[in-house]
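Single-structure report; data block below.
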Amino acid sequence: MRKRIIRISGLLLAVLAFTFWLTLGLATPIQTVEDALEAVRAGRAGELALDQADAGKIAGFFQFAQTKQLGEPEVTLSEHFVSADERQVVARFLAIEYNPNRTVRQIYGGTLMFALHKSAFAAWRITQVEVSQQMGPHD
Numbered sequence: 003m004r005k006r007i008i009r010i011s012g013l014l015l016a017v018l019a020f021t022f023w024l025t026l027g028l029a030t031p032i033q034t035v036e037d038a039l040e041a042v043r044a045g046r047a048g049e050l051a052l053d054q055a056d057a058g059k060i061a062g063f064f065q066f067a068q069t070k071q072l073g074e075p076e077v078t079l080s081e082h083f084v085s086a087d088e089r090q091v092v093a094r095f096l097a098i099e100y101n102p103n104r105t106v107r108q109i110y111g112g113t114l115m116f117a118l119h120k121s122a123f124a125a126w127r128i129t130q131v132e133v134s135q136q137m138g139p140h141d
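This note's numbering runs 2 ahead of the 1-based position in the sequence shown.
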């Protein structure tokens with residue numbers, strides 16, 4: 003009886019450890035894009051396995067907000083299924099310019115489309131970045 007309890011406890015512990023490893027170790031398409039956005043925003047685009055032109059497209063959105071002194075743009079990500087090994091992530095950027103009396107002067111927005119391919123069991127690779135809507139005044 004005691005050996006049985008030890009075996010079951012060991013098995014449960016192994017299952018819990020494996021589940022914990024999977025949840026922490028698996029990168030999702032959204033996480034991959036978040037990491038890329040953060041690296042480009044922080045000036046570490048060279049650390050990414052990303053085409054320089056694509057990194058430049060991302061940087062342009064952050065530079066627009068910086069040039070206009072808008073602060074950090076708010077970024078909203080949504081994932082779209084293409085196939086088992088392919089996803090698209092849409093990144094919507096939003097920045098608001100305020101008047102001195104704290105009323106909204108102008109809203110700026112833009113959209114980037116990220117194409118991702120599953121490169122390994124738990125890894126996604128950005129294969130292409132497209133500017134869907136250039137960062138600018140929102141109508």
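Where a beta carbon is used, it is the ideal one built from N, C-alpha and C, also for glycine. This one's a predicted model, so the numbers in the text were calculated from it and none came from an experiment.
As a quick exercise: from the options, pick the residue whose alpha carbon is nearest that of residue i.
i     : options                      : result
His82 : Val92, Pro75, Gly73, Phe63   : Val92
Lys59 : Gln33, Ile109, Ala125, Phe95 : Phe95
Gln90 : Thr105, Pro31, Phe63, Phe123 : Pro31
Thr69 : Asn103, Glu99, Leu14, Ile7   : Glu99
Ala67 : Leu14, Gly111, Val84         : Gly111
In angstroms with no decimal places, state the Cα-to-Cα distance between residue i and residue j.
i      : j      : result
Glu1   : Thr113 : With the chain represented from 3 up to 141, any question about residue 1 goes unanswered, as that position is not in the structure.
Thr34  : Ala86  : 16 Å
Val106 : Gln71  : 14 Å
Ser11  : Ala125 : 31 Å
Ile7   : Leu15  : 12 Å
Leu26  : Lys5   : With a pLDDT of 46 at Leu26, under the threshold of 50, the modelled position of that residue is not reliable, and no figure is offered here.
Ala44  : Gly138 : 22 Å
Gln130 : Leu13  : 43 Å
Gln54  : Arg9   : 53 Å
Ala57  : Arg104 : 33 Å
Leu24  : His140 : Reliability of the predicted coordinates at Leu24 is poor, the pLDDT of 49 falling under 50, and the value obtained from them is presented with this limitation in mind. Straight-line Cα distance between these residues: approximately 41 Å.
Ala61  : Ala97  : 15 Å
Ala47  : Met3   : 58 Å
Whose C-beta lies closer than 7 Å to the C-beta of residue i among residues of the same chain, with five residues either side of it excluded?
i      : result
Arg127 : Ala51, Leu118, His119, Ser121
Asn101 : Arg107
Ala29  : Ala124, Ala125, Trp126
Mind checking if residue i is an interface residue toward chain D, Cβ cutoff 8 Å exclusive?
i     : result
Gly48 : The structure shown contains no chain D; it is built from a single protein chain.
Give the DSSP bridge partners of residue i, in chain order.
i      : result
His82  : Gln90
Lys49  : For clarity, residue 49 is Glu in the given sequence; the question names Lys instead. In the DSSP output, where bridge partners are listed per residue, Glu49 has none listed.
Met115 : Val92, Glu132
Gln108 : Glu99
Gly138 : Gly111
Counting only the same chain and skipping the five closest in sequence on each side, list residues whose C-beta sits under 6 Å from that of residue i.
i     : result
Phe64 : Arg43
Glu49 : Ala41
Please return the same chain residues whose Cβ sits closer than 8 Å to the Cβ of residue i, not counting the five positions on each side in sequence.
i      : result
Ile109 : Leu96, Ala97, Ile98, Glu99, Pro139, His140
(request) Please confirm if the region 70-87 is in contact with the region 27-46, defined as three or more CB-CB distances below 8 Å between the two stretches. (result) yes
(request) For the region 133-141 and the region 106-123, state whether three or more C-beta atom pairs, one from each stretch, are separated by less than 8 Å. (result) yes
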